[in-house]
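Student:
There are 2 protein chains.
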Amino acid sequence: MCNQCNYENLLNASDLNATDNRLRVLEVIGNNSYPLSAADIFTTLKRTCSINRVTVYRILDLLVERGIVDRISTGGRAFYYGMAPNENHHPHPHFYCTRCGQMDCLTQDSLNVDTKALWKTFPGRIDKVEVRVDGICKNCMK
Amino acid sequence: MCNQCNYENLLNASDLNATDNRLRVLEVIGNNSYPLSAADIFTTLKRTCSINRVTVYRILDLLVERGIVDRISTGGRAFYYGMAPNENHHPHPHFYCTRCGQMDCLTQDSLNVDTKALWKTFPGRIDKVEVRVDGICKNCMK
DNA sequence: CATTCAATGCAATAAATTTGCATTGAGATT
DNA sequence: AATCTCAATGCAAATTTATTGCATTGAATG
Ligand SMILES: [Mn+2]
Ligand SMILES: [Mn+2]
Ligand SMILES: [Zn+2]
Ligand SMILES: [Zn+2]
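Right, dumping it as structure tokens:
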């Protein structure tokens, strides 16, 4: 749940018109405390407005391309989406429950990843380092 | 490329009959120096023997379930497969080129991930920690 | 008022994987 | 030997997730 980010500003700063649909998608992602799948986002939006599934996919592509939203891979087949790192959102690892598909945010320092050496030596371009922990969540353990 | 692993033993140790197809899938994965997609594996096998795509998927599921092979997520839509950590294969991060889809193994120490704290405090079951670097590979940079 | 174009919708398609059911063939059982 | 059984595999259809092509709309611009 993010109270700091101004979604309209984020869109404008990336030269994107702040349309209702874009704002809605961004709010669903930003107001949630863990990453969501495109299906999750679509289902949530459908409850309060009329929007097409394809529009959600297209907006997500756009937001990812502009670096506003992060596309996060899971141990499953669907991508999940969360706010990309910015002044209010620091990079952090995620936990994916292979039983229920719920994804959680882990604290920034729960896993300590030192990427300095790699950045120096890697002979290509590095865009992103993704750390994901897979397992069974507390709820599903019972 | 692995010369240490005895694939037949690995299968037997997991109570799996060492069928020709299972050995072939495991050899393709083990003899390769980077993870492959199911399609890669299928294409490779089709060149020298007659095997069904579904059989490949089923064998991969089985090998993953038994912990012989690791299912590795990418920034793309398909899973990749590599030898699971064992005495000859230590856990390590991977690099995924978002342009050509090639996945590379990074050295165990190119990224230093400290998971001790998490293991102590996490209120669920942890099966796996996956670290993936996304970007553009040396070849695709040109 | 006419034109343009970004945003969206709708239907069809694609890619990757999974499922259901049939077939096969190597032992085990009679 | 004939029959039975069952794990392994094959083949076709279905599922899941995402993408593409083309039509529509409506606000901004001239
Ligand atoms: Mn997160
Ligand atoms: Mn590897
Ligand atoms: Zn769970
Ligand atoms: Zn590449």
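Protein sequence lines correspond, in order, to chains F and L. Residue numbers for the first sequence follow my numbering, beginning at 37 and rising by one. Residue numbers for the second sequence follow my numbering, beginning at 37 and rising by one. For glycine and all other residues, C-beta sits at the position ideal for the given N, C-alpha and C.
If I follow the unbroken alpha helix (DSSP H) through L:Arg89, where does it start and stop?
Tutor: As a first step, residue 89 of chain L must be located in the second sequence, where it is residue number 53. From DSSP, the alpha helix (DSSP H) with L:Arg89 extends over Arg89 to Glu101.
Student: Helix, strand or coil for F:Lys178 per DSSP?
Tutor: Locating residue 178 of chain F in the first sequence gives position 142, counting from the first residue. Coil, per DSSP.
Student: Look at F:Thr134 and F:Ile172 and say whether their C-beta atoms are less than 8 Å apart.
Tutor: Taking the first residue of the first sequence as 1, we reach residue 134 of chain F at position 98. Taking the first residue of the first sequence as 1, we reach residue 172 of chain F at position 136. Yes. Within cutoff.
Student: Quick one: is L:Ser73 buried, meaning 16 or more other Cβ sit within 10 Å of its Cβ, or exposed?
Tutor: The sequence position of residue 73 of chain L within the second sequence is 37, counting from 1. When all chains shown are included, L:Ser73 counts as buried.
Student: Where in the region 134-166 of chain L do unbroken runs of the alpha helix (DSSP H), each at least 4 residues long, occur, reported from the N-terminal end onward?
Tutor: 152-157
Student: Please classify F:Tyr43 as buried or exposed, where buried requires at least 16 other C-beta atoms within 10 Å of its C-beta.
Tutor: As a working mapping, residue 43 of chain F is identified with position 7 in the first sequence. F:Tyr43 is buried by the Cβ-count criterion.
Student: Taking Cβ positions only, does L:Gly160 come closer than 8 Å to chain F?
Tutor: For the purposes of this step, residue 160 of chain L is identified with residue 124 of the second sequence, where counting begins at 1. Judged by the 8 Å Cβ criterion, L:Gly160 is in contact with chain F.
Student: DSSP state of L:Leu72, grouped into three classes?
Tutor: In the second sequence, counting from the first residue as 1, residue 72 of chain L sits at position 36. Strand at L:Leu72.
Student: Do we get a CB-CB distance below 8 Å when we pair F:Asp170 with the residues of chain L?
Tutor: Mapped onto the first sequence, residue 170 of chain F falls at position 134. Nearest CB-CB separation between F:Asp170 and chain L: below the 8 Å threshold.
Student: Any contact of the region 122-133 of chain L with the region 91-100 of chain F, i.e. 3+ C-beta pairs under 8 Å?
Tutor: Output reads no: the region 91-100 of chain F does not touch the region 122-133 of chain L.
Student: For F:Thr110, count neighbouring C-beta atoms within 10 Å of its own C-beta (all shown protein chains included) and say buried if the count is 16 or more, exposed if not.
Tutor: As a first step, residue 110 of chain F must be located in the first sequence, where it is residue number 74. F:Thr110 comes out buried.
Student: Taking 8 Å as the threshold (beta carbon to beta carbon), is F:Lys174 in contact with chain L?
Tutor: Numbered from 1 along the first sequence, position 138 holds the residue referred to as residue 174 of chain F. At least one chain L Cβ lies under 8 Å of F:Lys174.
Student: Please decide whether F:Asp106 counts as near chain L, where near means a Cβ-Cβ distance under 8 Å.
Tutor: The residue given as residue 106 of chain F occupies position 70 in the first sequence. So no, F:Asp106 is outside the interface.
Student: Taking just the CA atoms, how far does F:Ile162 sit from L:Val61?
Tutor: As a first step, residue 61 of chain L must be located in the second sequence, where it is residue number 25. As a first step, residue 162 of chain F must be located in the first sequence, where it is residue number 126. Using only the alpha carbons, I get a separation of about 31 Å.
Student: With burial defined as no fewer than 16 other Cβ atoms inside 10 Å of the residue's Cβ, what is the status of L:Val56: buried or exposed?
Tutor: Numbered from 1 along the second sequence, position 20 holds the residue referred to as residue 56 of chain L. Inspection of the sequence shows that residue 56 of chain L is occupied by Asp rather than by Val. Around the C-beta of L:Asp56, fewer than 16 other C-beta atoms lie within 10 Å, and the residue is accordingly described as exposed.
Student: Any C-beta of chain F sitting closer than 8 Å to the C-beta of L:Glu166?
Tutor: As a position in the second sequence, residue 166 of chain L is number 130, starting the count at 1. Yes - at least one Cβ of chain F is within 8 Å of the one on L:Glu166.
Student: Can you name the residues of chain F whose CB is closer than 9 Å to the CB of L:Thr110?
Tutor: Residue mapping note: residue 110 of chain L aligns to position 74 of the second sequence, counting from 1. Correct list: Ser109.
Student: Nearest to F:Ser69 by alpha carbon, out of F:Phe131, F:Gly160 and F:Arg113?
Tutor: Taking the first residue of the first sequence as position 1, residue 69 of chain F is located at position 33. F:Ser69 has its Cα closest to that of F:Phe131, out of F:Phe131, F:Gly160 and F:Arg113.
Student: In the DSSP assignment, what residue or residues form a beta bridge with F:Tyr43?
Tutor: One-based indexing of the first sequence puts residue 43 of chain F at position 7. DSSP output for F:Tyr43 lists no bridge partner at all.
Student: Could you give the first and the last residue of the continuous alpha helix (DSSP H) run that contains F:Arg60?
Tutor: What you label residue 60 of chain F is simply residue 24 of the first sequence in a count that begins at 1. Membership of F:Arg60 in the alpha helix (DSSP H) is indicated by the continuous run Asp56 to Asn67.
Student: Does F:Asn48 come out as helix, strand or coil in the three-state DSSP assignment?
Tutor: Along the first sequence, one-based indexing puts residue 48 of chain F at 12. Correct three-state label for F:Asn48: helix.
Student: Pull up the DSSP beta-bridge partners for F:Ile104, would you.
Tutor: In the first sequence, residue 104 of chain F corresponds to position 68, counting from 1. Note: F:Ile104 sits in no beta bridge, so no partner.
Student: Select from F:Ser146, F:Ala49 and F:Pro159 the residue whose C-alpha is nearest the C-alpha of L:Met177.
Tutor: For the purposes of this step, residue 177 of chain L is taken as the residue at position 141 of the second sequence. Nearest C-alpha to L:Met177: F:Pro159.
Student: Starting from F:Met119, trace the beta strand (DSSP E) both ways and give me its first and last residue.
Tutor: As a working mapping, residue 119 of chain F is identified with position 83 in the first sequence. Where F:Met119 is concerned, the enclosing beta strand (DSSP E) stretches over Tyr116 to Met119.
Student: From this set, L:Lys152, L:Pro71 and L:Asp145, which residue's C-alpha is nearest F:Trp155's C-alpha?
Tutor: The count along the first sequence starts at 1 and reaches residue 155 of chain F at position 119. Comparing Cα positions, the closest option is L:Asp145.
Student: Could one say the Cβ of F:Met177 lies closer than 8 Å to chain L's Cβ atoms, at least one of them?
Tutor: For the purposes of this step, residue 177 of chain F is taken as the residue at position 141 of the first sequence. Output row for F:Met177: interface = yes.
Student: Identify each residue in the region 133-156 of chain L for which the Cβ-Cβ distance to at least one residue of chain F is less than 8 Å, and report them in chain order.
Tutor: Cys133, Thr134, Leu142, Asp145, Ser146, Leu147, Asn148, Val149, Asp150, Thr151, Ala153 and Leu154
Student: Any idea what DSSP makes of F:Arg168, helix, strand or coil?
Tutor: Counting from one through the first sequence, the residue named residue 168 of chain F turns up at place 132. In this structure, F:Arg168 counts as strand in the three-state DSSP scheme.
Student: Please work out which residues of its chain come closer than 6 Å, Cβ to Cβ, to L:Asp170, disregarding the five sequence neighbours upstream and downstream, and give them in chain order.
Tutor: The sequence position of residue 170 of chain L within the second sequence is 134, counting from 1. Cβ-Cβ distances below 6 Å link L:Asp170 to Gly111, Tyr132 and Thr134 in the same chain, with the five nearest sequence neighbours on each side left out; the list follows chain order.
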